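In our numbering, the protein residues as written are 440 to 530.
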């Protein structure tokens, strides 16, 4: 059985496989957990090389606030496929 942080990271990777996300807040709504939980797990996934977090300055952001583009890497896609092969699709 996976720990809850592993499940959250798995869900983040699954969402990012669909499309890049433009904010941590958007991920909080998609996954249904707190902003801090999402941000901390995204930082961990970036350290593993599974996702890329790019800061978008407020001058280039439609909201005129600093934001982040979050996307899955090729390594993240391989990891996700491996986990799904071994564990199945985790809800």
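Here a beta-carbon is modelled for each residue, glycine too, at the ideal position from N, C-alpha and C. Since we're looking at a predicted model, the values are computed, not measured.
Can the beta-carbon of residue i be found less than 8 angstroms from the beta-carbon of residue j?
i	j	result
residue 426	residue 459	There is no way to answer for residue 426, as the model of the chain reaches only from 440 to 530.
residue 506	residue 495	yes
residue 472	residue 447	yes
For residue i, which of helix, strand or coil comes out of DSSP?
i	result
residue 494	strand
Look at the alpha carbon of residue i and the alpha carbon of residue j, and state the distance between them as a whole number of angstroms.
i	j	result
residue 477	residue 525	24 angstroms
residue 440	residue 499	Note on residue 440: pLDDT 43, under 50, position unreliable in the model; the coordinate value appears next. About 42 angstroms.
residue 514	residue 457	15 angstroms
Problem set entry | Unbroken stretches of the alpha helix (DSSP H), 4 residues or longer, contained in the segment 443 to 528 | 443 to 457, 463 to 470, 474 to 487 and 513 to 526, all fully within the segment 443 to 528.
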